[in-house]
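Asks: Provided herewith is a single structure, encoded as structure tokens, for subsequent inquiry.
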């Protein structure tokens, strides 16, 4: 890739930010973190003037400087005004990288920044976007995966992009010259993870299956998952089931695509959610919310694994 003079990496997914930074370092021919043409600033601790002066500096024995500013959304309006003057005429031999979770597009600086910067969105993909992300990254790696293969990978690994990318690289080696992998390949090559077991637990709870639910819980605890994280994932699953229940009660036929769009999940997850929601009344789902709040309170008051176990027993009976 060509290294533009100003880049904005906007979003809260550190894996995507790091991936873009590596590409920019390669484009600027930065070979190590200690390279004299690479400098990193923390916006909460650095003066904008320092950043601008560094960006204006001529590269040392190289063709390009790379200036990275972390937490650029922490700068106030006055600091952005100072930077805006530089953005209007940036140094062509420097790539200034601004990293921010979210910037206020109503501010005066945004118009200048939007015009001057190459903007890369680094937000975490939603559940419904994950399979598309996997297919795109796999294609970049030189092999093809179908939608069902991507769905299988999400089910086994979970939504963590770093873990998904690691498994994609493993599948890339396996794909070799044939250039593709199957669901069966994923099942053989991708080991069981916390993400896989969380999905197993949530699906078992959705089906009110006590034995499989407790088995999945024990596996999660053995893998080192925190009880509070387990409660969070259960709550997330039941929020989806509650939405699915509303869809069912609305009447009329709901296609998998419509359900996926309404629930914000991939079609294969939406199908399961609609099936599971049929097993839960509105009144019972309301009680689930109260049970989850109580379990969360008990955990934060010093409770341990037995709090989650009791919750699961209550949900399945």
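Numbering (the working numbering), first residue to last: 41 to 357.
C-beta atoms are modelled at their ideal positions from N, C-alpha and C, and glycine is treated no differently.
Quick check: the Cα distance between residue 329 and residue 275, rounded to an integer number of angstroms?
Replies: Translated into positions along the chain shown, residue 329 becomes position 289. Translated into positions along the chain shown, residue 275 becomes position 235. Cα to Cα, the separation comes out at about 8 Å.
Asks: Which of the three DSSP states, helix, strand or coil, is assigned to residue 110?
Replies: Position 70 of the chain shown, counted from the start, is the residue given in the question as residue 110. DSSP places residue 110 in strand when its eight states are reduced to three.
Asks: Assuming the contact rule is C-beta atoms closer than 8 Å, residue 67 and residue 87 should be a hit. Round their C-beta distance to whole Å, please.
Replies: Translated into the one-based positions of the chain shown, residue 67 becomes position 27. Translated into the one-based positions of the chain shown, residue 87 becomes position 47. Actually they are not in contact, since the Cβ atoms of residue 67 and residue 87 sit about 27 Å apart, beyond 8 Å.
Asks: In whole angstroms, what is the alpha-carbon distance linking residue 97 and residue 207?
Replies: The residue given as residue 97 occupies position 57 in the chain shown. The residue given as residue 207 occupies position 167 in the chain shown. Taking the straight line from one Cα to the other gives about 41 Å.
Asks: Anyone know if the C-beta pair for residue 70 and residue 111 falls short of 8 Å?
Replies: As a working note, residue 70 is residue 30 in the chain shown. As a working note, residue 111 is residue 71 in the chain shown. No, these two residues do not count as a Cβ contact at 8 Å.
Asks: Can we say the segment 251-268 touches the segment 276-288, given the rule of at least three CB pairs closer than 8 Å?
Replies: no
Asks: Residues in the same chain with beta-carbon distance under 8 Å from residue 340, minus the five sequence neighbours each way, listed in chain order, please.
Replies: Here residue 340 corresponds to residue number 300 of the chain shown, with the count starting at 1. Here the set comprises 268.
Asks: Cβ atoms of residue 46 and residue 136: under 8 Å apart, would you say?
Replies: Here the question's residue 136 lines up with position 96 in the chain shown. Here the question's residue 46 lines up with position 6 in the chain shown. Yes, the pair counts as a contact, with Cβ atoms nearer than the cut-off.
Asks: If you check the beta carbons only, do residue 357 and residue 250 fall under 8 Å apart?
Replies: Along the chain shown, read from residue 1 onward, the residue named residue 357 stands at position 317. Along the chain shown, read from residue 1 onward, the residue named residue 250 stands at position 210. Against a cut-off of 8 Å, the Cβ pair of residue 250 and residue 357 comes out as a contact.
Asks: Helix, strand or coil for residue 313, going by three-state DSSP, please let me know.
Replies: One-based indexing of the chain shown puts residue 313 at position 273. In the structure shown, residue 313 falls within a helical segment according to DSSP collapsed to helix, strand and coil.
Asks: Just mark residue 127 as buried or exposed, buried being the case when its beta carbon has 16 or more other beta carbons within 10 Å.
Replies: To locate residue 127, count along the chain shown from 1; it is residue 87. Residue 127 should be labelled buried.
Asks: Check whether the Cβ atoms of residue 64 and residue 106 lie closer than 8 Å to each other.
Replies: Start at 1 with the first residue of the chain shown, and residue 64 comes out as number 24. Start at 1 with the first residue of the chain shown, and residue 106 comes out as number 66. It is a contact, given that the beta carbons lie within the stated cut-off.
Asks: Let me confirm a value: residue 354 is counted as buried when at least 16 other C-beta atoms fall within 10 Å, else exposed. Which label applies?
Replies: Within the chain shown, the letter at position 314 stands for residue 354. That one is exposed.
Asks: Which residue or residues does DSSP assign as beta-bridge partners of residue 271?
Replies: Locating residue 271 in the chain shown gives position 231, counting from the first residue. According to DSSP, which records beta bridges pairwise, residue 271 is partnered with nothing at all.
Asks: Pairing CB atoms from the segment 184-193 with CB atoms from the segment 292-304, are three or more of them under 8 Å?
Replies: no
Asks: Output needed for residue 175: all residues of its chain with C-beta closer than 6 Å, excluding positions within five of it in sequence on either side, in chain order.
Replies: As a working mapping, residue 175 is identified with position 135 in the chain shown. The answer, listed in chain order, is 185, 190.
Asks: State the start and end residues of the unbroken beta strand (DSSP E) segment that holds residue 80.
Replies: Start at 1 with the first residue of the chain shown, and residue 80 comes out as number 40. 78-82 is the extent of the beta strand (DSSP E) around residue 80.
Asks: Which term fits residue 243, buried or exposed, when burial requires 16 or more other beta carbons within 10 angstroms of its beta carbon?
Replies: Residue numbering aside, residue 243 sits at position 203 when the chain shown is read from its first letter. Burial call: buried.
Asks: Does the distance from the C-beta atom of residue 225 to that of residue 211 stay below 8 Å?
Replies: The residue you call residue 225 lines up with position 185 of the chain shown. The residue you call residue 211 lines up with position 171 of the chain shown. Going by C-beta atoms, residue 225 is nearer than 8 Å to residue 211.
Asks: Put residue 366 into one of helix, strand or coil per three-state DSSP.
Replies: Residue 366 falls outside the range modelled here, since the chain spans only 41 to 357, and no answer is possible.
Asks: For residue 291, tell me which candidate among 162, 309, 58, 314 has the shortest Cα-Cα distance.
Replies: Counted from its first residue, the chain shown places residue 291 at position 251. Looking at the Cα atoms, 314 is the closest of the given residues.
Asks: For my contact list, residue 296 and residue 311 are in at a C-beta cut-off of 8 Å; report their separation, rounded to the angstrom.
Replies: As a first step, residue 296 is located in the chain shown; it is residue number 256 there, counting from the start. As a first step, residue 311 is located in the chain shown; it is residue number 271 there, counting from the start. That pair is a contact at about 5 Å.
Asks: Below 7 Å CB to CB, which residues in the same chain sit around residue 113 once its five sequence neighbours on both sides are set aside?
Replies: Residue mapping note: residue 113 aligns to position 73 of the chain shown, counting from 1. These residues qualify, in order along the chain: 140, 141, 142, 143.
Asks: By a C-beta neighbour count over all protein chains shown, 10 Å radius and 16 as the cutoff for buried, is residue 324 buried or exposed?
Replies: Mapped onto the chain shown, residue 324 falls at position 284. It counts as exposed.
Asks: Measuring alpha carbon to alpha carbon, tell me which residue in 238, 131, 104 is nearest residue 272.
Replies: Here residue 272 refers to the residue found at position 232 of the chain shown. Nearest option by C-alpha distance: 238.
Asks: In the structure shown, what three-state DSSP assignment does residue 105 receive?
Replies: By one-based count along the chain shown, residue 105 stands at place 65. Three-state DSSP puts residue 105 in a strand.
Asks: Around the C-beta of residue 228, are 16 or more other C-beta atoms found within 10 angstroms, so that it is buried, or is it exposed?
Replies: Counted from its first residue, the chain shown places residue 228 at position 188. Exposed.
Asks: Please classify residue 70: does DSSP put it in a helix, a strand, or coil?
Replies: Within the chain shown, numbered from 1, the residue matching residue 70 stands at position 30. Assignment of residue 70 by DSSP, reduced to helix, strand and coil, places it in the coil class.
Asks: Verify whether the separation of the beta carbon atoms of residue 11 and residue 73 is less than 8 Å.
Replies: Nothing can be reported for residue 11, as the shown portion of the chain is limited to 41 through 357.
Asks: Expressed to the nearest angstrom, what Euclidean distance is found between the alpha-carbon atoms of residue 278 and residue 246?
Replies: Position 238 of the chain shown holds residue 278. Position 206 of the chain shown holds residue 246. Here the alpha carbons of residue 246 and residue 278 stand approximately 8 Å from one another.
Asks: Less than 8 Å between the CB atoms is what I'm expecting for residue 60 and residue 164, so what's the real figure, rounded?
Replies: For the purposes of this step, residue 60 is taken as the residue at position 20 of the chain shown. For the purposes of this step, residue 164 is taken as the residue at position 124 of the chain shown. Not quite, the Cβ-Cβ distance comes to about 14 Å (not below 8 Å), so this is no contact.
Asks: Could you please give the first and the last residue of the uninterrupted alpha helix (DSSP H) stretch that includes residue 191?
Replies: Here residue 191 refers to the residue found at position 151 when the chain shown is read from its first residue. Start and end: 187-197.
Asks: By how many angstroms is the C-alpha of residue 130 removed from the C-alpha of residue 345?
Replies: Counted from its first residue, the chain shown places residue 345 at position 305. Counted from its first residue, the chain shown places residue 130 at position 90. When rounded, the distance between both Cα atoms is 56 Å.
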